[in-house]
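Engineer: I am attaching a structure below and will ask some questions about it afterwards.
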Amino acid sequence: ANDSKGENPTCNLLELGAGQAGLAGLAMAAASLSLESRTDNGKNECTEKTTQMKQLHVVLTDGHPKCVDNNASCAKLMPKSERAKIQIDAQLLLWDSSSNGAEACCRINKIIRD
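Below, the structure written as structure tokens:
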């Protein structure tokens, strides 16, 4: 998805069934931070080309409320960066065919689009 100006695209990452740690989603966020730390003033060390860090929106989902709470805590432990714009959310997502399951999927879709 892109922002309204279309200048700096956002990468959206949805981890389904993140479990207690949200390891895959948080690893992607950490890799993004690692990439940001290997650049100097926006220039890539290897290519010397100016790079703009894309915004990253990670949504960690699980069907167990304690997992969601734990993922939110893990997300808060991620280091912050001035240049890398990373947003990490933890959301409850139940996999069922009831209207509650459909509503949860719609809610996650809205989070990813926004």
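The letter at position 60 of the sequence shown is residue 44 when you use this note's numbering, and the numbering goes up by one with no holes. For every residue, glycine included, the Cβ atom is placed at its ideal position computed from N, Cα and C. Every value quoted in this text rests on a predicted model; they were computed, and no experiment measured them.
#1: Given that a residue counts as buried once 16 or more other Cβ atoms are within 10 Å of its Cβ, and exposed if not, what is C58?
#2: Please say whether N55 and A74 have beta carbons closer to each other than 9 Å?
#3: Looking only at C-alpha atoms, which of D80, H48, I70, A2 sits nearest to A15?
#4: How long is the line joining the alpha carbons of C90 and S83, rounded to whole angstroms?
#5: Cβ of G1 within 9 Å of Cβ of D46?
Structural biologist: The answer reads as follows:
#1: buried
#2: A contact, by the Cβ cut-off of 9 Å.
#3: I70
#4: 11 Å
#5: yes
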